[in-house]
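For the record, the sequence lines run as chains A and B. Numbering of the first sequence is given in this note's numbering, commencing with residue 1 and proceeding in unit increments. Numbering of the second sequence is given in this note's numbering, commencing with residue 464 and proceeding in unit increments. Working notes for the structure below.
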Amino acid sequence: MIPATHLIEATYIIAVVLFILSLKWLSSPATARHGVWAGEAGMLLAIIGTLMYHGIVDYKWIAIALVLGAIIGVPLGNVQMTAVPQRTALSHAFGALCVTLVGTAEFYLRTPNVSAFVMSVLSLEVILGGLTITGSLMAAGKLQEWLPQRPITYKGQNFVNLGMLAIAVVIAVMLVRNPGQTHLYPFMVGIALVFGVMMIIPIGGADMPTVISLLNSYAGLSAAAMGFVLNSKLLIVAGSLDGASGFILSVNMSKAMNRSFTNVLFGAFGQVQTSTAGAGEAKPVRSATPEEAAAILSAANKVAIVPGYGMAVAQAQHKVRELYDALTKRGVDVKFGIHPVAGRMPGHMNVLLAEADIPYDKLLEMDDMNSEMAQTDVALVIGANDVTNPAARTDPGSPIYGMPILDVDKARTVMVIKRSMSPGFAGIDNPLYYLDNTLMLFGDAKQFVNSIVRELTGAGGGH
Amino acid sequence: MVTPDLISSLYVFILAAFIGFEVIRRVSPLLHTPLMSLTNALDAIAVVGAIILAGERKSNLALIFGTIAIVAATSNIVGGFIITDRMLKMFKSSRTQKP
């Protein structure tokens, strides 16, 4: 007879293997769904294994909680694709909530007999967990537009934030030296919770991809720390996989915005927003009607569409698909150039365009798209702004100077669908709009694309 | 106070982090959103700690916190896997798509 503890460990080891395979299979869209199944199988095994644990005396609440969690999880798994960023932020909050609650309960169960090491990782666990809970809730609130999206900055903000974090660390050190000081513990968690809020206050929408990745990383690291506290290798592995994933994405995002990683780590986002707003001299722009835009598009051989968050806001992805169909039918080669930080989370645009049934091999990464830009007849920018701003290449005084962009200005003709000439969220003027080869298409993204599609299908002799 | 347990945990952590970097670096940016929702679901394996905490029932606090923690983690597991699969189902290549 195999002892139950060995059986449980066996399920955990298989789960770890399945988790790693799960991420490995995600490397290609062809095998990606196997990854989900592997993850599900590993999860199920690990939970069944845990339920066999002999120390469990009461199954009633576990069962209730599992059912309740599943009931909450189903609608969260079925949100609209445009709501995926806020859903993701919310799930980071839930993950961190789980970790922080378990860490807190463990502290009160074990105090004062906590070794210095365990107390250190436990502090790390609940500080990271705590700031991730409130930080992610704030991020979700901003993304859902329940909270004002404008970044709020004040003088000495970084000083206040880092000071708070320092106090939390000092309390942690005191607890490590004497874990019996239970009265200090709530302060440590409380400060972490407040810090999470303060950290997100200066964040604007354009910084969200970086922030979500960073919170993802924190959630993973806090889970790994929990693994150290509970001496669970399974948790350490899952937590470090998640932490590594979030870390890689954060680095990608900060590179794509030309921010140093330390700049991102210390939450010093949003300072870009305050500079160079409204250098508003009236420069001439050329605009075009849907009819003219349709004529130019249908005469093109190669079209590059550059989507941004504006496409998501206008829910225009399905209309964009119709445009793609209409142009493809006329033999026009249509590709999509996806900037890493377009949208509100990593990969956001890809998911929306995939939802609209646009084949993924037409979705090009920035560098691949740029290498084709010179041969492109028309670059059509839909709801994107800063990621196409040539000032990032040419103007050392620009706040986004050095940020890699999609070089739409190198296409023969640039068309930009935009509501008005008002500067974007970041408040940075975009010289692209005043170029000789740029045509502004003023209007709502969805309606404008729709008008172009009507022109194309109507003028082409119908369906 | 450096126990053999701790040392082996550190080894596991470091090796897992390396595997994580190597595996995740290969994930195409195309799939970065599903990557995040999938790792988030996997991260909710923290539920095993919560189950033991609630099940052992060593104190009322442990029971209450453990139960809430199970709810939070389970919603991430269920929601995370559902939405990841929904997203991945949508990604089609133009070769398989055209009838």
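Think of the CB as a built atom: it goes at the ideal place given N, C-alpha and C, for glycine as much as any other residue.
Practice task
Following the continuous beta strand (DSSP E) through A:Ile358, name the residue where it begins and the one where it ends.
Solution key: Counting along the chain, A:Ile358 falls outside any beta strand (DSSP E), and DSSP gives it neither H nor E.
Practice task
Spell out the partners DSSP gives A:Lys302 in its beta bridges.
Solution key: DSSP output for A:Lys302 lists A:Asp333 as bridge partner(s).
Exercise for the section: Determine the chain A residues that contact B:Pro492 at a beta-carbon separation under 8 Å, and present them in chain order. Expected result: What B:Pro492 touches in chain A: Asn252, Ile338, Pro340, Pro346, Gly347, Asn350, Glu365.
Practice task
Check the Cβ-Cβ distances between A:Lys255 and every residue of chain C, and say whether any is below 8 Å.
Solution key: Looking at the structure shown, chain C is missing, and the protein chains on hand are A and B.
Handout entry: Residue closest to A:Gln80, alpha-carbon to alpha-carbon, out of B:Thr537, B:Ser538, B:Met553
Key = B:Met553
Handout entry: Straight-line gap, A:Ala89 to A:Tyr360 (C-alpha atoms, nearest Å)
Key = 25 Å
Exercise for the section: For A:Phe442, write down the residues that DSSP places opposite it in a beta bridge. Expected result: A:Phe442 pairs with A:Lys418.
Practice task
Would you kindly check if the distance between the Cβ of A:Leu97 and the Cβ of A:Ile64 is under 8 Å?
Solution key: no
Problem - Contact set for A:Ile62: own chain, Cβ-Cβ below 8 Å, skip 5 residues either direction - result: Leu51, Ile56
Problem - Neighbourhood of A:Leu21 by C-beta, 6 Å cutoff - its chain only, sequence neighbours within 5 removed - result: Correct list, in chain order: Ala38.
Problem - Other residues of its chain near A:Ser275: CB distance less than 6 Å, five sequence neighbours each side excluded - result: Low per-residue confidence applies at A:Ser275: pLDDT is 41, beneath 50, and the placement is therefore not dependable, though the value from the model is reported in the following sentence. Once the five neighbours on either side are set aside, the close Cβ partners of A:Ser275 are Pro399.
Exercise for the section: Using a Cβ-Cβ cut-off of less than 8 Å, list which residues of the region 438-460 of chain A approach chain B; keep chain order. Expected result: none
Handout entry: 8 Å Cβ cutoff, A:Met188 in contact with chain B
Key = no
Handout entry: Local conformation of A:Ile64 per DSSP, three classes
Key = helix
Problem - Short CB-CB distance (under 8 Å) between B:Asn523 and chain A - result: no
Exercise for the section: Only counting runs of 4 or more residues, tell me where the alpha helix (DSSP H) segments fall wholly within the region 95-168 of chain A, in order along the chain. Expected result: 116-143
Problem - For A:Ala379, the first and last residue of its enclosing beta strand (DSSP E) - result: 378-382
Exercise for the section: Could you tell me whether the Cβ of A:Tyr185 comes closer than 8 Å to any Cβ of chain B? Expected result: No, A:Tyr185 lies away from the interface with chain B (no Cβ there is under 8 Å from its Cβ).
Practice task
State the Cα-Cα distance for the pair A:Val449 and A:Met440, rounded to the nearest angstrom.
Solution key: 13 Å
Exercise for the section: Give the residues of chain B in contact with A:Asn78, contact being defined as C-beta atoms less than 7 Å apart. Expected result: Near A:Asn78 (Cβ distances below 7 Å), the residues of chain B are Ile545.
Handout entry: Best match in A:Pro85, A:Ile452, A:Ile405 for proximity to A:Thr289 [C-alpha to C-alpha]
Key = A:Ile452
Handout entry: For B:Leu565, the first and last residue of its enclosing alpha helix (DSSP H)
Key = Lying outside 464 to 562, the shown extent of chain B, residue 565 of chain B is not represented and no answer is given.
Practice task
Could you check if A:Val334 is buried or exposed, using at least 16 other CB atoms within 10 Å of its CB as the buried criterion?
Solution key: buried
Problem - Per-residue DSSP class, three states only, for A:Thr5 - result: helix
Handout entry: Contact set between A:Asn216 and chain B, taken where Cβ atoms lie within less than 9 Å
Key = Met499, Thr502, Asn503, Asp506
Exercise for the section: Grab the span of the alpha helix (DSSP H) containing A:Leu435 for me, first residue to last. Expected result: Taken as a continuous stretch (DSSP letters only), A:Leu435 belongs to no alpha helix (DSSP H), as it is neither H nor E.
Practice task
State yes or no: is the beta carbon of A:Gly69 nearer than 8 Å to at least one beta carbon in chain B?
Solution key: At least one chain B Cβ lies under 8 Å of A:Gly69.
Practice task
Find out if the Cβ-Cβ distance for the pair B:Asp468, A:Ala238 is shorter than 8 Å.
Solution key: no
Handout entry: Chain-ordered chain B contacts of A:Lys362 [CB-CB under 7 Å]
Key = Ser557
Practice task
Check whether the Cβ atoms of A:Leu193 and A:Gly130 lie closer than 8 Å to each other.
Solution key: yes
Handout entry: Contact the region 207-224 of chain A vs the region 342-355 of chain A: 3+ CB pairs below 8 Å
Key = yes
Problem - Residue closest to A:Ala105, alpha-carbon to alpha-carbon, out of B:Ala535, B:Leu501, B:Ala517 - result: Of the candidates B:Ala535, B:Leu501, B:Ala517, the one whose C-alpha sits nearest the C-alpha of A:Ala105 is B:Ala517.
Handout entry: Simplified DSSP assignment, three categories, for A:Ser287
Key = strand
Exercise for the section: Kindly list the residues whose CB is nearer than 8 Å to the CB of A:Met174, restricted to its own chain and excluding five residues on each side of it in sequence; keep chain order. Expected result: Gln181, Leu184
Exercise for the section: Buried or exposed for A:Tyr309, please, with buried defined as at least 16 other CB atoms from any protein chain shown within 10 angstroms of its CB. Expected result: buried
Exercise for the section: Kindly indicate which three-state DSSP category A:Pro26 falls into: helix, strand or coil? Expected result: As written in the sequence, residue 26 of chain A is Leu, which differs from the Pro given in the question. When DSSP states are grouped into helix, strand and coil, A:Leu26 belongs to the coil group.
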